[in-house]
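Worksheet: one structure, shown below.
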Amino acid sequence: MKNFRKNPASLRFMKTFLTAAERLAAAVHRDESDKSPFFVYSKEMSAVYPALENLAWELKVHHGAGIDIPAAEGAEPFELSAAFPVLLEKTSSEMKRIYPQVCPWYDSARPSVPQQLETVWNHLQEEPVSALDKYWLQNSLRLSLEEIRTKQEVLKQQMYDAIENRSLPQQVAGVMESVGYVVDEDQDDEIADILYDVGDTFLNGNRHVDSSQVTMSVWDKLQKSWAISDVEQRLLWPLARPMAELGKVIRATQKKMAVLNYPARYLSEQLRNLGEIPSHEAANNMIYPSVSSEENSGLFWADGEALPGYLSPYLDDASFQKVNAEGVRWKQYEKQGDVLQLPEWRENFKAVLGDWCQMLSEDVEQFQGQIRHYFEGEQRRREAVEDGDVVSGRNAEDEKRFKEESLSFAGKLAAASAAAEKYAGVILNDSGIGQKTLAKISADKDWSEDDYRLLFHLAENFENNYHEHEGQLPVSAEEGNERFFEAFAMLPPSPEKHEMMKLMLSNFADRQLSIDGEIEMLSEDFISLAEEMQTEKYDLLEDFVGSGMELYPELRRLGQEKLAGDISYWVSGNYVIPFYMELMSAPGSCDEMLREIDGYESFSPEAQGFLRSLIGAYKDMVLPLHQESKQNLGQVWALNAGAINDDNPLAGIVRDYKEVLLREMDLGENRRLLENTYESEDKIYRDYRHYRQEREKFTVSDKALKQALMQLLSARR
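For what it's worth, numbering that gives the first Met the number 0 labels the leading residue of the sequence shown as 0, then goes sequentially.
Now the structure itself:
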């Protein structure tokens with residue numbers, strides 16, 4: 000076995016894998032140097048990380064390498080991708096130290112990869128090779144194929160840059176304006192996206208680029224994007240000139256792509272021809288024989304699971320007995336969640352998730368804008384400091400609030416994505432970034448560039464995937480949900496129910512914020528309409544305010560016009576709107592209004608009394624003005640859809656306000672229903688988590704046990 004492991008041909012397969020990994024890492028690094036400030040994540044690096052880990056163990060256990068291999072069990076893909084270059088550098092360095100003369104079977108940095116690989120195929124046919132050799136080769140080919148794809152993406156980005164540098168979007172905008180279409184400055188980006196899409200279409204189809212076809216493609220997309228019909232082709236012919244330039248850009252990119260296309264097809268074909276290849280776990284067992292922590296002892300946990308042999312000495316231990324005795328109860332707790340796997344429950348929960356994901360998607364653009372704003376601000380600060388400029392201090396409170404809100408929103412994206420994958424089979428987050436990765440970013444510390452990039456990339460990834468799979472996550476109807484939530488609340492406790500309930504409550508909280516925003520905007524419009532009907536009374540109010548300021552000079556600093564405007568606004572919002580909506584004014588509305596007045600508590604009792612009386616008097620003046628309009632409006636809350644008089648100028652705003660309030664009522668009822676049971680559910684779940692932690696103290700995973708033995712073996716060499 001020892002001689003086989005040090006067979007020159009086998010060592011070359013190992014070297015090939017490391018070389019391919021280095022080439023991919025270099026390609027990804029070049030891609031990160033692109034002017035875009037945000038994060039590039041390599042899925043292939045995270046997927047092939049177990050192979051790199053296996054090679055590191057092979058060198059450590061059987062070849063005397065001194066490699067510190069970090070524990071990666073349970074790590075998220077993003078963490079594995081980030082750890083890949085670090086472990087690669089250590090492993091590659093040790094390989095060069097131990098076997099400086101070994102060369103790879105092929106190196107993508109040299110020309111003619113297919114010709115190099117012919118030597119490999121000849122060796123595979125002529126000489127017996129181990130399954131481990133084929134395993135290294137398969138993963139080498141995967142890495143090389145990903146390197147080519149990364150280079151292709153770089154070429155695409157260069158095509159986009161060329162389109163931008165030649166001002167083609169602006170030229171197209173100029174053509175559109177010349178024939179009478181209105182194009183705003185910010186629509187240049189929309190035009191650029193159309194040109195990028197057309198370029199991608201020709202590149203992906205590997206089609207011959209004819210300038211007339213390019214012109215027709217752009218013309219067609221412009222009509223769809225702007226919802227116009229250029230029947231007379233006024234736009235088509237002037238487009239020909241700038242599109243001829245676009246055709247040149249695409250053809251130049253195609254020529255560069257052609258150099259990569261054949262190797263990519265060849266590598267893909269050879270991957271298919273390799274036949275059966277060991278899994279990462281099977282390869283690990285070839286490096287060191289499998290060790291089972293579940294050695295049959297003939298004994299069982301109280302919940303019926305087999306008891307590992309290494310736990311036999313603990314049978315009389317009091318802490319073990321306590322954990323063991325609790326197992327029956329918690330096994331039943333786990334089984335109670337099986338009902339939520341039934342199709343009817345999954346469909347209902349999928350609809351709830353669809354509603355939440357839609358709301359999150361609507362906020363992604365604003366979130367990305369905030370991340371970009373702070374990131375670029377930090378960049379400018381660093382550059383100014385490096386240049387020796389004086390930089391003003393940051394507002395620590397605002398910065399911390401931004402970080403907390405950003406991490407909270409990113410956490411919701413990760414949580415909603417995980418739930419969508421688990422319960423709906425829809426992948427919204429394949430960025431490799433999850434809750435574990437986010438937990439390493441603190442709102443109390445300065446953020447690195449990677450922290451900003453990571454959050455931006457997570458949001459971008461969620462948004463792209465959501466729009467791609469939107470149809471698989473239908474938005475729930477507001478009506479008819481009560482029965483679902485009532486039935487859900489009555490289900491027996493389980494880990495799945497707790498998880499779903501927590502996600503639903505988070506969803507409800509976000510929906511309430513959204514409704515609050517709608518009510519605020521509708522209230523602004525409602526108040527504006529109401530104040531138009533109160534103009535004469537407002538003039539009187541201003542006079543009263545002026546008289547009050549003569550009597551109580553301390554009020555003058557509030558400003559006559561501003562104080563009158565504030566009182567009119569507050570009275571309209573707190574009394575006039577409820578009057579039309581047939582609702583009770585909130586208790587203590589007057590006190591709340593007074594507290595809004597700057598410095599109210601410092602005013603004399605007489606001045607305070609004047610303000611209180613003024614608010615009451617203005618309310619009594621304006622409400623009668625709306626009496627006739629209210630009677631003409633009709634019955635706001637009648638079930639009959641025609642109960643509201645559409646001829647009334649306030650009918651539209653009242654109907655919109657009613658619709659939002661009804662949604663808020665339904666939401667509040669469902670939210671209270673879950674909140675009433677969540678506290679007890681959460682207590683049970685926390686007890687369950689404590690039990691799992693205690694039980695895990697008596698559990699050693701096969702991988703952990705095996706790696707400990709491998710570590711021991713390598714130390715003895």
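Virtual Cβ for every residue (Gly too), placed ideally from N, Cα, C.
Measuring straight from C-alpha to C-alpha, what distance separates E268 and E117?
Within the sequence shown, the letter at position 269 stands for residue 268. Within the sequence shown, the letter at position 118 stands for residue 117. Using only the alpha carbons, I get a separation of about 13 Å.
Under three-state DSSP, which class holds A305?
Mapped onto the sequence shown, residue 305 falls at position 306. Reduced to three states, the DSSP call for A305 is strand.
Please determine, among F408, G545 and D397, the residue with the shortest C-alpha to C-alpha distance to D362.
For the purposes of this step, residue 362 is taken as residue 363 along the sequence shown, with counting starting at 1. For D362, the nearest C-alpha among the options comes from F408.
Give me whichever residues DSSP pairs with I576 in a beta bridge.
Taking the sequence shown and counting its residues from 1, one reaches residue 576 at position 577. In DSSP, I576 forms no bridge with anything.
Alpha carbon of I249 to alpha carbon of E523, nearest angstrom
Along the sequence shown, read from residue 1 onward, the residue named residue 249 stands at position 250. Along the sequence shown, read from residue 1 onward, the residue named residue 523 stands at position 524. Taking the straight line from one Cα to the other gives about 51 Å.
Contact the stretch 425–438 vs the stretch 451–465: 3+ CB pairs below 8 Å:
yes
How is F299 classed by DSSP in three states: helix, strand or coil?
Within the sequence shown, residue 299 is the residue found at index 300, counting from 1. Note: F299 maps to strand in three-state DSSP.
Might you give, ordered along the chain, the residues of its own chain that have their beta carbon closer than 8 Å to the beta carbon of Y551, omitting 5 neighbours on each side?
In the sequence shown, residue 551 corresponds to position 552, counting from 1. Closer than 8 Å at Cβ, skipping near neighbours: F602, S603, E605, A606 and F609.
Run of the alpha helix (DSSP H) containing L436, from where it starts to where it stops:
Translated into positions along the sequence shown, residue 436 becomes position 437. Checking the sequence shown, residue 436 turns out to be Thr, not Leu. Q434 to A438 is the extent of the alpha helix (DSSP H) around T436.
Only counting the same chain, and skipping five residues up and downstream in sequence, which positions put a Cβ closer than 7 Å to that of H279?
Taking the first residue of the sequence shown as 1, we reach residue 279 at position 280. Counting only Cβ-Cβ distances below 7 Å, and skipping sequence neighbours, we find P49, A50 and N53.
Close beta carbons around G326, own chain, < 6 Å, minus the five adjacent residues each side:
The residue you call residue 326 lines up with position 327 of the sequence shown. The answer, listed in chain order, is W300, A301 and D302.
Helix, strand or coil for G587, going by three-state DSSP, please let me know.
For the purposes of this step, residue 587 is taken as residue 588 along the sequence shown, with counting starting at 1. In the structure shown, G587 sits in coil (DSSP, three-state: anything other than H, G, I, E or B).
Which same chain residues, not among the five before or five after K682, have their C-beta less than 8 Å away from its C-beta?
The residue you call residue 682 lines up with position 683 of the sequence shown. None.
Under 7 Å, do T214 and M242 count as touching if we go by C-beta distance?
Here residue 214 corresponds to residue number 215 of the sequence shown, with the count starting at 1. Here residue 242 corresponds to residue number 243 of the sequence shown, with the count starting at 1. It is a contact, given that the beta carbons lie within the stated cut-off.
From Q156 to R694, what does the alpha carbon distance come to, in whole angstroms?
Reading the sequence shown from its first residue, position 157 is the one you call residue 156. Reading the sequence shown from its first residue, position 695 is the one you call residue 694. Roughly 52 Å between the two C-alpha positions.
If I follow the unbroken alpha helix (DSSP H) through V85, where does it start and stop?
Here residue 85 refers to the residue found at position 86 when the sequence shown is read from its first residue. Looking at the DSSP string, the run of the alpha helix (DSSP H) that includes V85 is P76 to I97.
On a Cα-Cα basis, can you pick out the residue from P494, L154 and Y261 that is closest to P110?
Indexing the sequence shown from 1 puts residue 110 at position 111. With distances taken between Cα atoms, P110 lies closest to Y261.
Taking only runs that begin and end inside the stretch 602–652, name each unbroken beta strand (DSSP E) of 3 or more residues, in chain order.
none
Beta-carbon spacing of S405, L454 below 7 Å
Sequence index remark: in the sequence shown, residue 405 carries index 406 (1-based). Sequence index remark: in the sequence shown, residue 454 carries index 455 (1-based). Yes, they are a contact pair.
Touching or not, the stretch 584–595 and the stretch 531–538, by the rule of three or more beta carbon pairs under 8 Å?
no
Quick one: what does DSSP say A64 is sitting in, helix, strand or coil?
The count along the sequence shown starts at 1 and reaches residue 64 at position 65. Note: A64 maps to coil in three-state DSSP.
On the CB-based measure, 16 or more other CB atoms within 10 Å of its CB, does I227 come out buried or exposed?
Your numbering for residue 227 matches position 228 in the sequence shown. So I227 ends up on the exposed side.
Rounded to whole angstroms, what is the Cα-Cα separation between A317 and R671?
Here residue 317 refers to the residue found at position 318 when the sequence shown is read from its first residue. Here residue 671 refers to the residue found at position 672 when the sequence shown is read from its first residue. Roughly 42 Å separates the two Cα atoms.
Are A442 and E396 close, meaning C-beta to C-beta below 7 Å?
For this step, residue 442 is matched to residue 443 along the sequence shown. For this step, residue 396 is matched to residue 397 along the sequence shown. Contact: no.
So, helix, strand or coil for F16, using DSSP?
Locating residue 16 in the sequence shown gives position 17, where the first residue counts as 1. Looking at F16 - three-state DSSP - the assignment turns out to be helix.
Taking the alpha carbon of D728 as the reference point, which residue from W569, P577 and R510 has its own alpha carbon closest?
With the chain covering only 0 through 716, there is no way to say anything about residue 728.
For H468, name the three-state secondary structure that DSSP assigns.
Along the sequence shown, one-based indexing puts residue 468 at 469. In this structure, H468 counts as helix in the three-state DSSP scheme.
Once the 5 residues before and after I66 are set aside, which same chain residues still bring their CB inside 7 Å of it?
As a first step, residue 66 must be located in the sequence shown, where it is residue number 67. Excluding positions up to five away in sequence, the list reads A55, L58, K59, K89, T90 and E93.
Restricting to Cα atoms, I'd like to know which of E668, N669 and W636 is closest to D655.
Position 656 of the sequence shown holds residue 655. Per the Cα distances, W636.
Start and end residues, alpha helix (DSSP H) containing S430:
Here residue 430 refers to the residue found at position 431 when the sequence shown is read from its first residue. Here S430 belongs to no alpha helix (DSSP H), and DSSP marks it neither H nor E.
Given this structure, state the Cα-to-Cα distance separating D30 from E658, to the nearest angstrom.
Reading the sequence shown from its first residue, position 31 is the one you call residue 30. Reading the sequence shown from its first residue, position 659 is the one you call residue 658. Since pLDDT at D30 reaches only 49, below the 50 mark, its modelled position is unreliable, and no value is offered.
With distances taken Cα to Cα, identify the nearest neighbour of V197 among M175, M158 and S166.
Position 198 of the sequence shown, counting from 1, holds the residue named residue 197. Selected option, being the one with the closest Cα: M158.
For F16, count the other beta carbons within 10 Å of its own beta carbon; 16 or more makes it buried, fewer makes it exposed. Which is it?
In the sequence shown, counting from the first residue as 1, residue 16 sits at position 17. Result: buried.
R109 by DSSP, collapsed to three states: which one?
Taking the first residue of the sequence shown as 1, we reach residue 109 at position 110. Looking at R109 - three-state DSSP - the assignment turns out to be coil, as it is neither helix nor strand.
Expressed to the nearest angstrom, what Euclidean distance is found between the alpha-carbon atoms of E541 and K444?
Indexing the sequence shown from 1 puts residue 541 at position 542. Indexing the sequence shown from 1 puts residue 444 at position 445. Cα-Cα distance, rounded: 51 Å.
What's the call for R22, buried or exposed, on a 16-neighbour Cβ count within 10 Å?
What you label residue 22 is simply residue 23 of the sequence shown in a count that begins at 1. Its Cβ being crowded by 16 or more others within 10 Å, R22 is buried.
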